[in-house]
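Q: Sharing a structure here in structure tokens format.
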Amino acid sequence: MKISYIFIFWGLLLFLGCQKEVVLDNTDKNFPLRLNYSTSNDNNRFSWAEVNVTGFQQYVLVRSSTTIPVGGTPSGKTRVFESSNVKDTITLTTASIIFDSVGFYKLYTQINDRWLESQEIRVSNSNLIVSGNPLAATFLPDSNWILVVKQEANASTTAKLVLIDVLKEKMYSSSIFFPISSTDQIALSIGYSNGKPEALISTSSTFRRIALPTMTQISQNSAFTSPYSIAKGGNNFLFTTNASASTAFNVRKNSDFSVVKSYSRSNYFEHRTLAVLDTATNLLVEVSQSKLEIFSINPTNGTINTGNLALNNLSFSPFFIDIIVSPDRQYFCPNTSGIVYDRGLNPVGQFSDIAIGNSFLQDAVFSADGTFTYSLVFDFFTGLTKIKKQSFPEFTAISETPISGVTPIRIGRLKEGLGLIVTDQNSGNARFTVQKINL
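Residue numbering for the sequence shown follows our numbering, starting at 267 and increasing by one per position.
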């Protein structure tokens, strides 16, 4: 019997020697875990060493707007990251977007039924917080500006157009109240007239041109119906879709919004979004849930050359404000299927995980040099949205950046990095922020 006990004793020592020792001490002086923090390219970076012990369950990194008491659990706090069956050293980069001026972070590790915790990390924040609900937005890639149509209150039937300079954290607001009956009826774009940027906007049967960044109105015109989408072409042409039984989209003059040419097709009352692939030849894409079609519009007289290329029965919702277009305008993603096409409507690839059925593509953008894509992907299983970076045109995964505690709305290209719009899902009053990120 003594010999058996000796073998068991030495076997137990050998087994424990293969595990890393973690001192189970949850006092405020000797935390068994160590959370490391740094900033990189406007993002938060957290890291911690491997916890390789028997009974390991998961890591949970949390954030709170107030200091986190010692000796608790991650329950009731915003979860920035959680994993199971992962023991390796972890480095996590997250977009540093919080609505509080200060955020408090702590790492927990579950071992069997026990929670171990790290020390607390305090992170200061200085984002521009805007009251209201962002109903629609578009980016000006050669600047650091984002145009946002913001609902004044949650149940309001009016909205204002605001221009946000992300780097200066400054907002310019129009004095006009735009009527809102449906977000489906908001048409918003940015065009240039005499080399100066201007907002093109309609939320009803009234179309307006507004100078940027002063937000002063240049012109106001009436249309028979409210356009779904507006796109600026070459030679002073505008293209607008219509909720009308007589015309599908119009070629208009930018100066007075007058109709030059009209085009008709079936499914008039579907939402249809436009994008210009070539301003010299006015190569135009129109996309709806049932059809994707490419037109060319004569740059001199506005004649519409139809029947070039078309795809039918797409079964995916189009992006309402902006179709995702590469900087050289050779490629585009028309809808939430995540499929990217070239100008010949040949599919060249697809954003990852979208076809699996557990992920939803919210928005995407090409990098300034066209060699990467960044997509906002919501995962139904985890309930988190991630920014996925992929190479283009290979669509090889480069990185994933989780976003938690807020609701991402749009991602877009700025002159210096990427812009991200998020709302505060935990706030009783609608508010949002925009921030530059680098991934």
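Positions of the beta carbon are idealized from the N, C-alpha and C atoms, including for glycine.
1. Just the Cα atoms here: how many angstroms apart are residue 578 and residue 442?
2. Can you list, in chain order, the residues of its chain with a C-beta nearer than 7 Å to that of residue 634? Leave out the 5 residues immediately preceding and following it.
3. Would you check if the distance between the CB atom of residue 400 and the CB atom of residue 426 is smaller than 8 Å?
4. Buried or exposed: where does residue 458 fall if 16 or more other Cβ atoms within 10 Å of its Cβ makes it buried?
5. Whose CA, out of 705, 684, 607, 350, lies closest to the CA of residue 432?
6. Run through the stretch 573-645 for me and flag every whole beta strand (DSSP E) of 3 or more residues, listed as ranges in chain order.
7. Are the CB atoms of residue 405 and residue 412 within a distance shorter than 8 Å?
8. For the ligand FAD, any of its heavy atoms closer than 7 Å to the Cβ of residue 386?
9. According to the neighbour-count rule (16 or more other Cβ atoms, all chains shown, within 10 Å of its Cβ), is residue 662 buried or exposed?
10. With 16 as the cutoff for other CB atoms within 10 Å, does residue 368 come out buried or exposed?
11. Can you round the beta-carbon distance between residue 582 and residue 555 to whole angstroms, since I take them to be within the 8 Å contact cut?
12. Check whether the stretch 549-566 touches the stretch 502-517, counting contact only when three or more Cβ pairs, one atom from each stretch, lie closer than 8 Å.
13. Is it buried or exposed for residue 376, if we count other Cβ within 10 angstroms and need 16 for buried?
14. If you draw a straight line from the C-alpha of residue 528 to the C-alpha of residue 510, how long is it?
15. Among 624, 655, 649, which one has its Cα closest to the Cα of residue 638?
16. Could you name the residues that DSSP lists as bridge partners for residue 376?
17. Give the DSSP-derived three-state secondary structure of residue 424 in the structure shown.
18. Kindly list the residues whose CB is nearer than 6 Å to the CB of residue 530, restricted to its own chain and excluding five residues on each side of it in sequence; keep chain order.
19. Using only the alpha-carbon positions, how far apart do residue 456 and residue 463 sit?
20. Sorted by chain position, which residues of the same chain lie with C-beta nearer than 6 Å to residue 357's C-beta, five sequence neighbours on each side aside?
21. Looking only at DSSP bridge pairs, what is residue 330 linked to?
22. Using a Cβ-Cβ cutoff of less than 6 Å, which residues in the same chain neighbour residue 374 once the five nearest sequence positions on both sides are dropped?
23. If you draw a straight line from the C-alpha of residue 658 to the C-alpha of residue 607, how long is it?
24. From the DSSP secondary-structure annotation, give me the bridge partner or partners of residue 674.
25. So, with DSSP's three-state summary, where would you put residue 451?
A: The short version:
1. If you number the sequence shown from 1, residue 578 lands on position 312. If you number the sequence shown from 1, residue 442 lands on position 176. About 39 Å.
2. For this step, residue 634 is matched to residue 368 along the sequence shown. Correct list, in chain order: 593, 679.
3. Reading the sequence shown from its first residue, position 134 is the one you call residue 400. Reading the sequence shown from its first residue, position 160 is the one you call residue 426. No, the pair does not count as a contact, with Cβ atoms beyond the cut-off.
4. Within the sequence shown, residue 458 is the residue found at index 192, counting from 1. Residue 458 comes out exposed.
5. As a position in the sequence shown, residue 432 is number 166, starting the count at 1. Nearest option by C-alpha distance: 684.
6. 597-599, 605-608, 613-616, 625-632, 638-645
7. Numbered from 1 along the sequence shown, position 146 holds the residue referred to as residue 412. Numbered from 1 along the sequence shown, position 139 holds the residue referred to as residue 405. Against a cut-off of 8 Å, the Cβ pair of residue 405 and residue 412 comes out as a contact.
8. As far as ligands go, the structure on display features none, and thus does not contain the ligand FAD.
9. Against the sequence shown, residue 662 aligns to sequence position 396. With fewer than 16 other Cβ atoms within 10 Å, it is exposed.
10. Taking the first residue of the sequence shown as position 1, residue 368 is located at position 102. Exposed, because fewer than 16 other Cβ atoms sit within 10 Å of the Cβ of residue 368.
11. By one-based count along the sequence shown, residue 582 stands at place 316. By one-based count along the sequence shown, residue 555 stands at place 289. Going by Cβ atoms, the distance from residue 582 to residue 555 rounds to 7 Å, so yes, they are a contact pair.
12. yes
13. Position 110 of the sequence shown, counted from the first residue, corresponds to residue 376. Buried: at least 16 other Cβ atoms inside 10 Å.
14. Looking up residue 528 in the sequence shown gives position 262. Looking up residue 510 in the sequence shown gives position 244. Near 12 Å, if we compare the C-alpha coordinates of residue 510 and residue 528.
15. On the sequence shown, residue 638 is found 372 positions in, with the first residue counted as 1. Selected option, being the one with the closest Cα: 655.
16. Residue numbering aside, residue 376 sits at position 110 when the sequence shown is read from its first letter. Beta-bridge pairing links residue 376 to 324, 381.
17. If you number the sequence shown from 1, residue 424 lands on position 158. Here residue 424 sits in strand by DSSP.
18. Position 264 of the sequence shown, counted from the first residue, corresponds to residue 530. Answer for residue 530: 513, 514, listed in chain order.
19. Numbered from its first residue, the sequence shown carries residue 456 at position 190. Numbered from its first residue, the sequence shown carries residue 463 at position 197. Distance between the alpha carbons of residue 456 and residue 463 is about 7 Å.
20. As a first step, residue 357 must be located in the sequence shown, where it is residue number 91. Once the five neighbours on either side are set aside, the close Cβ partners of residue 357 are 313.
21. Within the sequence shown, the letter at position 64 stands for residue 330. Its beta-bridge partners are 370.
22. As a first step, residue 374 is located in the sequence shown; it is residue number 108 there, counting from the start. If we look at residue 374 and ignore the five residues flanking it on each side, its Cβ neighbours are 326, 340, 381, 383.
23. Numbered from its first residue, the sequence shown carries residue 658 at position 392. Numbered from its first residue, the sequence shown carries residue 607 at position 341. About 12 Å.
24. Within the sequence shown, residue 674 is the residue found at index 408, counting from 1. According to DSSP, which records beta bridges pairwise, residue 674 is partnered with 688.
25. Here residue 451 refers to the residue found at position 185 of the sequence shown. The answer is helix: DSSP assigns residue 451 an H, G or I state.
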